[in-house]
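The block underneath contains the structure these notes are about, expressed in structure tokens.
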Amino acid sequence: MKKTWTILLMGMLTMVMALSVPLAASAEGANTQEGRASTNAKSAALYAKITGTSKQEWSFSDIELTYRPNSVLSIGAVEFTLPTGFQATTKDLMNGKALKDSYILNSGKTVRIPARVDLFGSSEYKLQLSHKVLPAAGTYTFRAENRAISIGSRFYAEDTLDIHKRPVVTPPTNPCGC
Numbered sequence: 557m558k559k560t561w562t563i564l565l566m567g568m569l570t571m572v573m574a575l576s577v578p579l580a581a582s583a584e585g586a587n588t589q590e591g592r593a594s595t596n597a598k599s600a601a602l603y604a605k606i607t608g609t610s611k612q613e614w615s616f617s618d619i620e621l622t623y624r625p626n627s628v629l630s631i632g633a634v635e636f637t638l639p640t641g642f643q644a645t646t647k648d649l650m651n652g653k654a655l656k657d658s659y660i661l662n663s664g665k666t667v668r669i670p671a672r673v674d675l676f677g678s679s680e681y682k683l684q685l686s687h688k689v690l691p692a693a694g695t696y697t698f699r700a701e702n703r704a705i706s707i708g709s710r711f712y713a714e715d716t717l718d719i720h721k722r723p724v725v726t727p728p729t730n731p732c733g734c
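Take a look at the structure:
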């Protein structure tokens, strides 16, 4: 049994090393057209969108963050960092399941999901912030990172959301002219 595990681990290590050499070589020649064509590694990607009905400040809405590490091999934690004005709670969802209390750090500003594996860019992590009060109008930057032992990608990604200003409501003029 021990010999089987040793063979399996050595095979995986050999595969990782074999994949890392061409990726490192293509990263050196990435400025040339030939270098770009020879690599399959993509940068990590984060997509942030408001899925609720309103995009105006001080209204309730849902926010969805979709992170794709796009790595060849990655073993570790996925971490989302929320901007000021947003906070994660246990009512929020990660890939359809409620967040555990232990995943929420830094007073709700950081969500860290431990023990994740991404192989050949197949993983996607969807953080849904449910029924949040949108902060003051402005542009907010969300970040995601694969904090791991990894090969084949830049693991940091960010995206922005624009929160719109509420229209100014002017009171009606005095109808009696008093």
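For my numbering, count along the sequence shown from 1 and bump the result up by 556.
The beta-carbon is built from N, C-alpha and C at its ideal position, and this holds for glycine as well.
Would a C-beta distance cut-off of 8 angstroms place residue i and residue j closer than the cut-off?
i    : j    : result
Q684 : K665 : no
Y659 : R672 : no
D718 : L602 : no
L690 : S615 : yes
V634 : N702 : yes
S686 : D657 : no
I711 : P625 : The displayed chain sequence assigns Phe, not Ile, to residue 711. Contact: yes.
G608 : D618 : yes
Do you know whose CA, among the options, lies nearest residue i's CA?
i    : options                   : result
E620 : W614, E613, T640 and G652 : G652
M650 : Y623, R699, V673 and G632 : Y623
K688 : K656, K605 and A700       : K605
A532 : G641, A692 and A713       : With the chain covering only 557 through 734, there is no way to say anything about residue 532.
G694 : Y681, S679, S678 and R722 : R722
N662 : Y681, D618 and T637       : T637
V724 : T560, E613, K559 and G608 : E613
K641 : T560, F698 and P670       : Sequence check: residue 641 is Gly here, not Lys. Per the Cα distances, F698.
Assuming residue i is part of the beta strand (DSSP E), what are its boundary residues?
i    : result
L621 : F616 to R624
K605 : A601 to I606
Runs of beta strand (DSSP E) lying entirely within the region 653–712, each at least 3 residues, in chain order: 666–675, 681–689 and 694–707
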